[in-house]
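Chemist: Quick note on the numbering used here: the sequence shown kicks off at 400 and runs consecutively. We put the CB at the ideal spot given by N, CA and C, even for glycine.
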Amino acid sequence: MSKRIPQPTKPPRERAFLVGAELRGQKNFLPLEDSLTELALLADTAGLEVAGELTQKLDHPNVGTYIGPGKVAELKALSEETLSQVVLFDDELTPRHQRELEEALAPNVRVLDRTALILDIFAQHAHTAEGMLQVELAQYEYLLPRLTGQWTHLARQAGGGGGRTGSVGGVGLRGPGETQLEVDRRSIRSRIAHLKRELEKVRAHRMRYRSQRKRSRVPTIALVGYTNAGKSTLLNRLTKSDVYVADQLFATLDPTTRRIELPGGYQALLTDTVGFIQKLPTALVAAFHATLEEITEADLLLHMVDISHPNALNQYQSVQKTLEEIGAGHIPTVTALNKIDRLNQPEVARETVRKYSKAVAISAHKGIGLPELLDLIKKELYETYTPILVRLPYQQGALISLFHEAGQVERIEHERGGVVMQGRIPGRLAAQFSLWQTTNHKSEPEEEEV
Numbered sequence: 400m401s402k403r404i405p406q407p408t409k410p411p412r413e414r415a416f417l418v419g420a421e422l423r424g425q426k427n428f429l430p431l432e433d434s435l436t437e438l439a440l441l442a443d444t445a446g447l448e449v450a451g452e453l454t455q456k457l458d459h460p461n462v463g464t465y466i467g468p469g470k471v472a473e474l475k476a477l478s479e480e481t482l483s484q485v486v487l488f489d490d491e492l493t494p495r496h497q498r499e500l501e502e503a504l505a506p507n508v509r510v511l512d513r514t515a516l517i518l519d520i521f522a523q524h525a526h527t528a529e530g531m532l533q534v535e536l537a538q539y540e541y542l543l544p545r546l547t548g549q550w551t552h553l554a555r556q557a558g559g560g561g562g563r564t565g566s567v568g569g570v571g572l573r574g575p576g577e578t579q580l581e582v583d584r585r586s587i588r589s590r591i592a593h594l595k596r597e598l599e600k601v602r603a604h605r606m607r608y609r610s611q612r613k614r615s616r617v618p619t620i621a622l623v624g625y626t627n628a629g630k631s632t633l634l635n636r637l638t639k640s641d642v643y644v645a646d647q648l649f650a651t652l653d654p655t656t657r658r659i660e661l662p663g664g665y666q667a668l669l670t671d672t673v674g675f676i677q678k679l680p681t682a683l684v685a686a687f688h689a690t691l692e693e694i695t696e697a698d699l700l701l702h703m704v705d706i707s708h709p710n711a712l713n714q715y716q717s718v719q720k721t722l723e724e725i726g727a728g729h730i731p732t733v734t735a736l737n738k739i740d741r742l743n744q745p746e747v748a749r750e751t752v753r754k755y756s757k758a759v760a761i762s763a764h765k766g767i768g769l770p771e772l773l774d775l776i777k778k779e780l781y782e783t784y785t786p787i788l789v790r791l792p793y794q795q796g797a798l799i800s801l802f803h804e805a806g807q808v809e810r811i812e813h814e815r816g817g818v819v820m821q822g823r824i825p826g827r828l829a830a831q832f833s834l835w836q837t838t839n840h841k842s843e844p845e846e847e848e849v
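(1) Count the other CB atoms within 10 Å of the CB of tyrosine 465; is the residue buried (16 or more) or exposed (fewer)?
(2) Which of the three DSSP states, helix, strand or coil, is assigned to aspartate 698?
(3) My guess is that leucine 440 and glycine 419 are in contact by the Cβ rule of under 8 angstroms, so how many angstroms apart are they, rounded?
(4) Where glutamine 351 and histidine 604 are concerned, what is the direct C-alpha to C-alpha distance, given to the nearest angstrom?
(5) Which ranges does the beta strand (DSSP E) cover as unbroken runs of at least 3 residues, wholly within the stretch 781–818, from first to last along the chain?
(6) Quick one: measure Cβ to Cβ for tyrosine 625 and valine 718, integer angstroms, because I've assumed they're closer than 8 angstroms.
(7) With contact counted as at least three CB pairs below 8 angstroms, one residue from each stretch, are the stretch 765–776 and the stretch 789–805 in contact?
(8) Figure out for me which residue from Leu722, Gln836, Gly530 has the closest Cα to the Cα of valine 818.
(9) Taking all protein chains shown into account, decide if serine 478 is buried (16 or more other Cβ within 10 angstroms of its Cβ) or exposed.
(10) Count the other CB atoms, across all protein chains shown, that sit within 10 Å of the CB of histidine 524; report buried if there are 16 or more and exposed otherwise.
(11) Indicate the three-state DSSP secondary structure (helix, strand or coil) for aspartate 583 in the structure shown.
(12) Let's test the definition: count the other Cβ atoms within 10 Å of the Cβ of glutamate 540 and tell me whether it reaches 16, buried, or not, exposed.
(13) According to DSSP, simplified to helix, strand and coil, what is serine 762?
(14) Of all the beta strand (DSSP E) runs that stay within the bounds of the stretch 473–517, which reach a length of 3 or more residues?
(15) Taking C-alpha atoms, which residue in Glu779, Ser800, Asn461, Asp519 lies nearest to leucine 374?
(16) Could you check the C-alpha separation between leucine 828 and proline 618 for me, to the nearest Å?
(17) Report all residues from its chain with a CB closer than 6 angstroms to the CB of glutamate 413; omit the five preceding and five following residues, and keep chain order.
(18) Determine the DSSP secondary structure at alanine 592, reduced to helix, strand or coil.
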């Protein structure tokens, strides 16, 4: 009788205790209870086991510990009772909040905020060189103001549940009179500067690549939406690709571009982008500037909404707000109300369509509604024309030619510094002319002949 070979066991997951505060007068897209549910999903994605949660209503955050002293004492008791190693706050903490909370809690309990948790998830899911550069930059910029003289504190903050960039190497010799903390900060600032230079190279490469795509005249579509809305599933369905898909937050991080076929023999390029989330850390928005340009430079946005989620409309509004913040609010948008196969009454989703901008109810998983979605995309890209009046400098010869070739010119006037053109252009090209648009134009007076 053969003996069973023992299989390696996974180490037990760290236990995390969640803390949320509702600040009076502060508008959030999700109620506190739903926001903590989302935080629990983030914790699970990061490899943590949720042991419990604590909430408090506040007029404003406590200057030292964010929550009140009584709640801190309650949190200490609950975290010890549940054997929690990590306390997760649903909002971003200041360095002072983090320091005083860790001093008030048990010595073996770490305090992380929502931003640190998202950074850790991004560190786990970034697989390309560009993605890892962007995550590392965001982590260092988050860590710098929180740096203390204790290396153990730094190491345990970076990545939380297993990030890639949790240690800071390359510290040189100290100069006369320098403290270790000063050396550490100088080293991190040097690393941040290096990462920014590397990402600027990435950005320049992306700009060259986008210029080539624009010369090919194939329109680009950016897939946007709340995390876990089903963007990667739709990309795979429309392009017969095998992009990684999982039912978890931020399953895919690095942008992927594929060619799709539209009705009538038309084509477009579809780019899957990082999912949005409420309270998206500003450090991430800044670090992912090169990637987010894939959205701001797109001809059309395809906004995916998980219509089966109880907070679908709030998530939609949260994404729209973020799009406006990154400068993409003016780009034409088509909305796909996804996951109707999960509804008990799918017709409800179709009735809800009117609440959203240019929407179609679909199931990316089952392939339901995709022909209607592709028809709408084709109409927006190739059949919808926008009235426009622009004053183009003669140096912008490519745009002048583009207006003639793709648009409908109704009036054209040549001036000293450029050409004024009025007419209609495909909606997908409107963003390219945005810098030169004008609302009114009076012809320059002609010089009298002597």
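Modeler: In brief:
(1) For this step, residue 465 is matched to residue 66 along the sequence shown. Tyrosine 465 sits buried, since 16 or more C-beta atoms from the chains shown fall within 10 Å of its C-beta.
(2) As a first step, residue 698 must be located in the sequence shown, where it is residue number 299. Reduced to three states, the DSSP call for aspartate 698 is coil.
(3) By one-based count along the sequence shown, residue 440 stands at place 41. By one-based count along the sequence shown, residue 419 stands at place 20. The pair is not a contact, with the Cβ atoms about 14 angstroms apart (cut-off 8 angstroms).
(4) What is shown of the chain runs 400 to 849, which leaves residue 351 out entirely.
(5) 784–792, 807–813
(6) Residue 625 sits at position 226 when you count from the first residue of the sequence shown. Residue 718 sits at position 319 when you count from the first residue of the sequence shown. That belief holds up - the Cβ atoms of tyrosine 625 and valine 718 are roughly 6 angstroms apart, short of 8 angstroms.
(7) no
(8) Translated into positions along the sequence shown, residue 818 becomes position 419. Taking only the C-alpha atoms, the option nearest valine 818 is Gln836.
(9) Position 79 of the sequence shown holds residue 478. Around the Cβ of serine 478, a 10 Å sphere holds 16 or more other Cβ atoms; the residue is buried.
(10) Taking the first residue of the sequence shown as 1, we reach residue 524 at position 125. It counts as buried.
(11) Start at 1 with the first residue of the sequence shown, and residue 583 comes out as number 184. Look at aspartate 583 here: in three-state DSSP terms it is helix.
(12) One-based indexing of the sequence shown puts residue 540 at position 141. Result: buried.
(13) The residue given as residue 762 occupies position 363 in the sequence shown. In the three-state reduction of the DSSP assignment, serine 762 falls in the strand class, which pools E and B.
(14) 485–488, 509–512
(15) Residue coverage of the chain in this structure runs from 400 to 849, which leaves residue 374 outside it and unanswerable.
(16) For this step, residue 828 is matched to residue 429 along the sequence shown. For this step, residue 618 is matched to residue 219 along the sequence shown. In a straight line, the C-alpha of leucine 828 is about 9 angstroms away from that of proline 618.
(17) On the sequence shown, position 14 is the one that residue 413 refers to. Counting only Cβ-Cβ distances below 6 angstroms, and skipping sequence neighbours, we find Leu447, Gln484, Val485.
(18) The residue given as residue 592 occupies position 193 in the sequence shown. DSSP places alanine 592 in helix when its eight states are reduced to three.
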